[in-house]
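Colleague:
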Amino acid sequence: DAKTTQPPSMDCAEGRAANLPCNHSTISGNEYVYWYRQIHSQGPQYIIHGLKNNETNEMASLIITEDRKSSTLILPHATLRDTAVYYCIVRALDGTASKLTFGTGTRLQVTL
Amino acid sequence: EAGVTQFPSHSVIEKGQTVTLRCDPISGHDNLYWYRRVMGKEIKFLLHFVKESKQDESGMPNNRFLAERTGGTYSTLKVQPAELEDSGVYFCASSQVSGGGSPLHFGNGTRLTVT
């Protein structure tokens, strides 16, 4: 799987949009971009994933650049409960290599 | 719909003892994964089941770890004998299909402490 690069930490004011960047310059055409987060010591929580097109769900939006070499996770109105470590993961489309490989992620701190 | 459940939530054992962790995946999910996070390290993949078959066990650290999924439903991960370095949080996840478009859903983990 392609490697990803994320900033180690970010701050965001409550109520503002949190924009978390991720670089995946070696991504191949058969790899998805996935985002997970881990709050405290809970299990990783699935947020969103995409292949080429931008995606939106009730939690967040995922913006993937046209060349697919980077993406941004957007939490439109961050709350204190969004404080967590966010992981950007590239995952093969092929079912034989379907495991997720976690890196160090971005620690997002949402403040009042 | 019930999520992935893991039991126990915490376990404290002495070095040399045996511990068995259990994972119940989301109903209907054929794919089951085990991961672990040891102190200060990243979350690491251990193995992947498709139904009752081991699809990928490349992350299993050594032969003290044995994972089973008889009948393709729940799974157990046994550590025998436990060592100090096995302490950490063990996560289980499941997904509906193997393909990259099917998200993994994680349980809240079992925190294992070996003293």
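From first to last, the protein sequence lines stand for chains A and B. Under my numbering, think of the first position of the first sequence as 127, with each following residue one higher. Under my numbering, think of the first position of the second sequence as 9, with each following residue one higher. Cβ atoms here follow ideal geometry from the backbone N, Cα and C, with glycine treated the same way. What you are looking at is a predicted structure, and each value in this text was computed from that prediction instead of being measured.
1) Can you pull the chain B neighbours of A/R217, defined as C-beta to C-beta under 7 Å?
2) For the region 148-170 of chain A, which residues have a CB atom closer than 9 Å to at least one CB atom of chain B, in sequence order?
3) Can you give me the Cβ contacts of A/T198 inside the same chain, cut-off strictly under 6 Å, excluding the 5 residues immediately before and after it?
4) When burial is assigned at 16 or more other CB atoms within 10 Å of the CB, is A/P170 buried or exposed?
5) Assuming contact is defined by CB atoms lying nearer than 7 Å, are A/I151 and A/K195 in contact in what I supplied?
6) Taking the DSSP output, what are the residues bridged to B/V58?
7) Can you check DSSP and say which residues form a bridge with B/D32?
8) Spell out the partners DSSP gives B/K86 in its beta bridges.
9) What separation, rounded to the nearest whole angstrom, lies between the Cα atoms of A/E184 and B/P89?
10) Can you give me the start and stop residues for the beta strand (DSSP E) that A/Q132 sits inside?
Modeller: Checking against the coordinates, here is how it stands:
1) G108
2) Those would be N156, E157, Y158, Y160, Y162, Q164, S167, Q168, G169 and P170, in chain order.
3) N145, P147 and I189
4) A residue is called buried once 16 or more other Cβ atoms fall within 10 Å of its Cβ, and A/P170 is buried on that count.
5) First, the residue type needs correcting, since residue 151 of chain A is Ser and not Ile in the sequence shown. For A/S151 and A/K195, yes; Cβs fall inside 7 Å.
6) B/N39 and B/S61
7) B/T13
8) B/T28 and B/L74
9) About 45 Å.
10) Where A/Q132 is concerned, there is no enclosing beta strand (DSSP E), given that its DSSP letter is neither H nor E.
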